[in-house]
């Protein structure tokens, strides 16, 4: 049996064992996966849903409790909406749990509790409305009682004041009668008055008693009003009965005090108003008592409603606790099922683990037995082959061969080794002759490389000189180009400045022309001003003539007034004032005349100055035109110069590019020469190394010995195909034999 067959059998056994182990492991994993899938798809969701169910039951219980404590209808609506939402969620989760496991849950209980709490809260709100209404009535009745008591107090105060005044008068008359020692009749009258005083004292005492009763009525009415609020604070029926009894006692005291006050007032004074007042107080007290009884009935209903709410709350707690207990039992049951499931999975895993270990050990034992047999059948012939190879490696004697005793792969290897030894003999002979030739060639190559190296070094030196010269030329061209660019920039700047100067000169000419126009206009204005001043002078002459006439008239008037005597005094005064006015006018006319003459003189001077200025301005316009023309010629010259510098810059740029190109080419040539020198040096070094290697190779080949003379591999001997393949597999690719 060949080694290949043995290895195939061993591989098949290993593969079958591995496949069996893999299948066994896969079955185990699938079983565990199914169990885990059951647990994750049923047990875990069941626990989660159960916890959610418990949370919703608690929320629903809390909402029902909050509903029982609601204070207004809006809060009742909000809480009821939340209860409906939680109840729907509870039904949904209960249905989901029922798909996994039967969990008893009476949803009607929560609906009934919700309805009970709603009815109780509705009764409470109605009772509170009754309380507010009846409390308002009690307040109104007590207000009427207070008002009636105030009127009664005023009546009693008036009676008490009358009695006090009469008692005081009687006391004074009695004391005065006794002191004056009046007659017996008068004394008897005074004694009668004293008796009346005693009656008044008794009346004052009754009035004080009535005041006490009225005060007690006021206190009891306030107390009755306060008790109306304490009734609604009753916490139980017993407390309500006790407070209701207190209210009835207060009501009885009020009615008794009203009866006593009415009787006492009737003894003192009988009046229809007092009777009406007492009747009003009694009716108000009766109305307040009836309202308080209604409030007590409403509070009793509230207590009954709260009792229902409390019973509903207790029922809610019982339902919540019962549901909690069921939930805990369900969770515990699910946990037990999970624990049993985990125990079963652990048992199965342990069983499969043992089976897997036994099967794996069996496969391992079979593989080890086959491996040892294969190793033994391979190692023995390989050890002989190895010994032969070691001997050849140590001694270099290629005359030794391996004895072939088998036909399997080892035998083929031994035959190939023997063929390889024969081939090595031929190769060593060929290498020896080639090494001698290689040594001669390397010496010639070293000499040629030295000559090439010297020649290239001389060329490199000359190329370096040319490169330096071209670099200097490129720098000079670059400097010329830079200066040309600067000159062009300066020319452009000069052109710009000249253009701006031309524009400024043109603008200045325009301004000077405008100044000339304004000066001409000013001259015309001054001429008109001179004409107007002459006209004003003529008007002043007329005014002087009029002034002289007025003076003559004033003089004539004064003469006539003097002739008239006293009758002409008033006319004389007027004539004097007219003369003074004429004198003032004459004086002003003289001043105006002098001013007009001065204005005419200044106007003539200004006109002459404006004429001279106009002449200067016209000359300025001519000079500005000449300057503008000169600047335009400068701009044209600068533009021509700028064009020339631009052409020079373009030429120098081209020259600079050419110089840089030449320098770059020379540098590349220099670099190529340096590379060539380096290559020649490398060739020389490699040839020296090759020479040394050929010498070393010849020395190493000389240590190998062969039993026979071996011909060249290019001779008539041919290597068998089987041996050639074996040798090629052992040799590098560059030295393998070609197919023949």
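Residue numbers (my numbering): 93 to 832.
Note that the Cβ used here is the ideal one computed from N, Cα and C, for glycine as well.
Quick caveat, the model's predicted, so the values are computed rather than measured.
Please go through the same chain and pick out, in chain order, the residues whose beta-carbon is closer than 7 Å to the beta-carbon of residue 493, but skip the five residues on each side of it.
510, 513
Rounded to whole angstroms, what's the CA-CA distance from residue 462 to residue 112? Just pull it up for me.
19 Å
Residue from 386, 240, 370 whose Cα sits closest to the Cα of residue 226
386
Buried or exposed for residue 162, please, with buried defined as at least 16 other CB atoms from any protein chain shown within 10 angstroms of its CB.
buried
Which residue wins for smallest C-alpha separation from residue 833, given the options 442, 371, 617, 437?
Given a span of 93 to 832 for the chain in the structure shown, any question on residue 833 remains unanswerable.
Would you kindly work out how many angstroms separate the C-alpha atoms of residue 507 and residue 519, rounded to a whole number?
18 Å
Is residue 113 near the ligand MN, in the sense that its beta carbon is under 6 Å from a heavy atom of that ligand?
For the ligand MN, the structure offers nothing, since it holds no ligand at all.
Neighbour-count burial assignment, residue 495, 16 or more Cβ in a 10 Å radius
exposed
Using only CA atoms, which one of 731, 500, 451, 532 lies nearest to residue 474?
500
From the DSSP output, in three-state form, read off residue 641 for me.
helix
Whole-angstrom distance between residue 432 and residue 119, CA atom to CA atom:
21 Å
Top-ranked residue by Cα proximity to residue 115, from 605, 438, 447
447
Should residue 638 and residue 681 be called a contact, given that it needs their Cβ atoms to be closer than 7 Å?
no
Leaving out five residues on either side along the sequence, give the residues of the same chain with a beta carbon under 7 Å from the beta carbon of residue 693.
none
Excluding the 5 residues preceding and the 5 following residue 158 in the sequence, name in chain order all residues of the same chain whose CB lies nearer than 6 Å to its CB.
171
If you compare alpha carbons, which of 515, 396, 657, 650 is closest to residue 667?
650
For residue 394, collect the residues of the same chain with a Cβ closer than 6 Å to its Cβ; drop the 5 residues on either side in sequence, then sort them by chain order.
216, 219
Buried or exposed, going by whether 16 or more other CB atoms sit within 10 Å of the CB of residue 234?
buried
Near residue 480, what residues of its chain come up, given a Cβ to Cβ distance below 8 Å and the 5 sequence neighbours on each side ignored?
492, 493, 494, 509
Which of the three DSSP states is assigned to residue 651 in this structure?
helix
Nearest candidate by alpha-carbon position, reference residue 373, set 392, 436, 346, 123:
346
Taking residue 613 as the reference, which of 455, 703, 673, 542 has the closest Cα?
703
DSSP three-state call for residue 489: helix, strand or coil?
strand
Taking residue 689 as the reference, which of 633, 104, 211, 378 has the closest Cα?
633
If I measure Cβ to Cβ from residue 335 and keep anything under 7 Å in the same chain, skipping five residues before and after, which residues do I get?
319, 322, 323, 326
For residue 392 versus residue 316, is the C-beta spacing smaller than 7 Å?
no
Can you give me the C-alpha to C-alpha distance between residue 342 and residue 403, rounded to a whole angstrom?
35 Å
In angstroms, rounded to a whole number, what distance separates the CA positions of residue 833 and residue 107?
Here the chain has residues from 93 to 832 only, and residue 833 is not among them.
Verify whether the separation of the beta carbon atoms of residue 144 and residue 175 is less than 7 Å.
no
Under the three-state reduction of DSSP, which class applies to residue 215: helix, strand or coil?
helix
Specify the secondary structure class of residue 322 as computed by DSSP and reduced to three states.
helix
Select from 598, 470, 641, 673 the residue whose C-alpha is nearest the C-alpha of residue 717.
598
Looking at C-alpha atoms only, which residue of 382, 626, 522 is the closest neighbour of residue 695?
626
So, with DSSP's three-state summary, where would you put residue 578?
helix
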